[in-house]
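Per the working numbering, the very first residue in the sequence shown carries number 1; after that it's consecutive.
Note that the Cβ used here is the ideal one computed from N, Cα and C, for glycine as well.
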Amino acid sequence: MTPVSRRRFVQAVSAAGAALALPNVSSAAVGAPHRVEVYGRNGALNAKMLNAPGTPANEGLEISSTIAMASGVPLGGIGTGFIELRPDGCFYKWLIFNTGLWAGNLPAGQQGNNPDMGPQSLQFLVRTQEQAADGPALRRLYLRPHENNLYSLAYAQDVESIRYDAWFPMTSLQYKDSTLPVRVSAVAFSPFFPGNARQSATPGFNMVFTLENTSNKPVEVSLLSLLDNPLATGHKQRKLFNTIRQTGGTTTLDMNTKVNAENKTTLGSMCMSVTGGKHSWISGTFAQYAGTTGLCNWQTPRLNYMLVDVLQKFFALGKLPDTSGATDPAQEFKLTPQQIDALTAAEAQDWLQRLSGDALLERVIAGARAASPHGLESDAGRKEILKEISNNLSGDLAGQHRDRSTWGTGALASSVTLAPGQKEEIRFTLSWYFPHHFSKWGQDMGHNYANWFSDAAEVNAHLVKEYPTHRKQTELFARTLADTSLGSPMAFGWSGQLSTAVTNTWWVKDGNYAIWEGLGCCGLSTMDVEFDASFSVVALFPELKLAQMRNMLKYQNA
């Protein structure tokens with residue numbers, strides 16, 4: 001591949017849509033300019049810089065294991081907020097809720113509802129089962145050594161290391177583990193390419209996994225995603241409802257809330273979908289059972305207590321139970337022991353069927369039936385398990401008054417069987433829709449994306465439908481930025497700075513665009529920052545610069 005000169009590069013990207021007009025770039029022609037390999041050793045995280053292709057060996061940088069992974073690549077669009085993917089494979093800085101630094105100074109009526117979303121709130125795991133092998137293997141596709149629990153989760157381990165390639169707007173991860181019979185890699189990106197601010201302002205991203213069988217035997221591979229539900233955080237009755245939809249080859253988990261309150265910062269919707277492979281799901285369950293906040297301690301007179309989590313059955317079976325309960329059972333099943341005793345046999349049976357729509361309660365009911373095959377066939381046995389459920393729903397799962405329920409976490413999984421040497425692609429797509437974005441004076445300015453979409457499900461459907469185009473154009477732009485004779489440090493310098501267009505921007509519903517001088521501080525669209533940033537914005541998204549110039553002119557003439 002002939003390197004692109006500086007002059008040719010500048011000429012190519014100085015007009016809207018320039019990247020689309022460039023000659024085809026071989027997908028293998030350009031390596032990522034910034035590579036970090038993160039690996040676990042003796043319970044600590046370690047990292048080292050890897051040389052980009054063609055760079056001298058002495059340009060490598062050794063990062064001490066005492067340095068935390070404190071930054072990463074933002075996933076999101078212009079003015080949509082973002083989620084940060086760091087080299088340890090975890091998702092941080094969930095600045096999508098109109099709260100925190102990105103939102104600025106919120107008015108008094110919109111403060112206090114900041115969801116506690118962090119690395120455990122979105123997880124990906126892989127399970128492999130090699131033909132004729134002794135048993136399956138389960139690995140977390142991230143590095144958090146303190147989560148390795150040999151006491152109760154010995155079968156769930158981190159992968160050995162992660163190769164992290166940041167080449168904005170694309171991010172590549174290779175999950176290395178010598179004990180697995182498959183090679184797992186992923187590409188994460190949000191659509192972002194010149195000349196199309198509309199597509200580059202989509203509130204969501206794709207996580208595209210490639211699975212390759214490196215053994216000489218068939219291997220069953222299952223990918224699992226777990227997602228907490230942050231909607232209506234801070235409201236006593238969150239009124240969550242999660243639903244599963246299947247359209248073509250895609251299964252979608254929709255997260256919504258029926259809360260309608262004055263404090264709107266966390267009101268909206270989220271959506272996760274999976275495309276490729278054979279799908280299974282949990283529409284909603286308690287965070288403890290999903291393992292996103294620790295293990296579920298289930299109190300039962302049969303065993304005193306049980307530590308249960310969704311990974312147990314997934315590890316054994318390689319799939320989820322396909323439970324589709326849409327609402328929080330802790331808010332529906334509030335019967336006292338006396339009221340349970342007063343139920344008819346038919347009413348008790350009906351409650352058991354309804355409660356089995358939750359994955360945790362389905363697990364408990366199935367366990368009770370397995371422990372005593374005839375126990376749930378009697379009216380007394382059914383009422384005893386209903387009392388056990390009622391007691392636990394009044395504890396850590398939902399709070400004594402059922403006003404601290406952790407229900408709402410959902411899960412999607414996809415499974416494939418790979419022949420030796422075979423590759424398959426499985427794609428997870430996450431989208432969000434939080435349309436209420438407030439100024440410090442209390443004005444609900446909203447987001448421009450609310451002009452194009454009605455909820456997160458519509459965003460997700462758009463990302464799934466347009467994935468081939470989004471992937472092609474975004475990757476072409478990323479590779480064009482990296483394809484230069486000036487060297488990879490320069491390529492990383494100009495491509496990495498473009499992430500500011502995601503992390504610091506406001507693009508509100510009436511079309512006004514602005515950018516923070518510093519995330520959450522120092523003012524929006526200050527003169528010095530606007531001048532310095534104007535060249536790249538004009539080159540990539542001229543309509544945004546025009547909107548900002550008109551806005552500043554309006555204030556100058558006021």
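Between which two residues does the beta strand (DSSP E) containing residue i stretch?
i    : result
R427 : K423 to Y433
M549 : From DSSP, M549 is part of no beta strand (DSSP E) but of the alpha helix (DSSP H) over P542 to Q556.
R245 : L240 to T247
E458 : E458 -> not in any beta strand (DSSP E); alpha helix (DSSP H) instead, spanning A456 to K465.
A415 : Going by the sequence as given, residue 415 is Ser instead of Ala. Where S415 is concerned, the enclosing beta strand (DSSP E) stretches over W407 to L418.
V614 : Any property of residue 614 remains undetermined from this structure, which presents the chain solely from 1 to 558.
W351 : Unbroken run through W351 is the alpha helix (DSSP H), A345 to L355; no beta strand (DSSP E).
W94  : F91 to L95
P74  : V73 to G76
Compare the C-beta of residue i with all C-beta atoms of chain B and state if any pair is closer than 7 Å.
i    : result
T344 : In the structure shown, chain B does not exist; there is a single protein chain.
Leaving out the 5 sequence neighbours to the left and right, which residues in its chain are closer than 6 Å to residue i when beta-carbon positions are compared?
i    : result
T106 : As written in the sequence, residue 106 is Leu, which differs from the Thr given in the question. Cβ within range, chain order: F438.
R7   : Interpretation of R7 is limited by its pLDDT of 40, a score under 50 that renders its predicted location unreliable; the figure taken from the coordinates is listed afterwards. Same-chain partners within the cutoff: there are none.
N58  : Residue placement at N58 is flagged as unreliable, the pLDDT there being 39, under the threshold of 50; a coordinate-derived value is accordingly withheld.
P230 : P115 and M117
G76  : F82, S190 and V502
F541 : A197
S495 : F168 and L481
What are the partner residues of residue i, as DSSP defines its beta bridges?
i    : result
C296 : V308
R139 : V126 and Q157
H447 : Bridge partners of H447: none, in fact.
M207 : A188 and F428
S222 : R127 and S415
V182 : N213
W494 : The partner list for W494 (beta bridge, DSSP) is empty, contrary to what the question assumes.
L519 : Answer is none; L519 lacks a bridge partner.
L524 : W516
F438 : D444
T202 : None, per the DSSP bridge assignment.
W167 : M170
T323 : I282
Go through its chain and collect everything with a Cβ distance to residue i's Cβ below 7 Å, but skip five positions before and after it.
i    : result
A359 : I282, T285, Y289, V310, P321 and T323
V208 : A186, V187, E425 and R427
A330 : L393, L397, A398, R402, S405 and W407
N448 : G79, A201, W507, V508, K509 and G511
S152 : L295 and L307
D341 : K383
Q422 : N213
S178 : E160
S499 : V73, P74 and F168
Give every residue of the same chain whose Cβ lies closer than 8 Å to the Cβ of residue i, excluding the five residues on either side of it in the sequence, and list them in chain order.
i    : result
N42  : Reliability of the predicted coordinates at N42 is poor, the pLDDT of 48 falling under 50, and the value obtained from them is presented with this limitation in mind. So no residue of the chain qualifies.
G520 : G100, L101, W102, A103 and G104
K236 : D403
Q339 : none
V459 : T202, P203, G204, C271, S431, W432, Y433, Y449 and F453
T55  : In this prediction, T55 scores a pLDDT of 42, lower than 50, which makes its location untrustworthy; the coordinate-derived value is nonetheless stated afterwards. Excluding residues within five positions, the ones whose Cβ falls inside 8 Å are G487 and S488.
S352 : At residue 352 the sequence reads Leu, which differs from the Ser that was named. Closer than 8 Å at Cβ, skipping near neighbours: I365, L376, R382, I385 and L386.
Along the alpha helix (DSSP H) that carries residue i, what are the first and last residues, could you check?
i    : result
P337 : P337 to D341
I83  : Looking at the DSSP string, I83 is not in any alpha helix (DSSP H); the run it does join, the beta strand (DSSP E), is F82 to L85.
A371 : A359 to A371
A380 : D379 to L393
G559 : Outside the shown range of the chain (1 to 558) lies residue 559, about which nothing can therefore be said.
Q331 : P329 to E332
Decide yes or no for the touch test of the region 255-274 against the region 232-241: beta carbon pairs closer than 8 Å, at least 3 of them.
yes
Measuring CB atoms only, is the region 305-316 touching the region 356-369, in the sense that at least three cross pairs come out at less than 8 Å?
yes
Cβ contact check for the region 190-205 and the region 331-347: 3 or more pairs under 8 Å:
no
Per the contact definition of three or more C-beta pairs closer than 8 Å, is the region 450-457 in contact with the region 416-435?
yes
Kindly confirm or deny that the region 216-229 and the region 97-104 touch, where touching means at least three C-beta pairs closer than 8 Å.
Counting Cβ pairs under 8 Å, fewer than three are found: no touch.
State whether the region 402-417 contacts the region 377-388, with contact taken as three or more CB pairs (one from each stretch) at a distance under 8 Å.
Taking 8 Å as the limit for Cβ pairs, the verdict is that the region 377-388 does not touch the region 402-417.
How do the region 169-184 and the region 205-216 stand: do at least 3 beta-carbon pairs fall below 8 Å, yes or no?
yes
Taking 8 Å as the threshold, find out whether the region 118-134 comes into contact with the region 77-96 through three or more Cβ pairs.
yes
Unbroken stretches of the alpha helix (DSSP H), 4 residues or longer, contained in the region 225-291
Inside the region 225-291, DSSP marks whole alpha helix (DSSP H) runs of 4 or more residues at positions 287-290, from first to last along the chain.
Three-pair Cβ contact test at 8 Å for the region 369-376 versus the region 332-340
No, they do not touch.
Given 8 Å, three or more beta-carbon pairs between the region 134-150 and the region 466-473:
No: fewer than three Cβ pairs fall under 8 Å.
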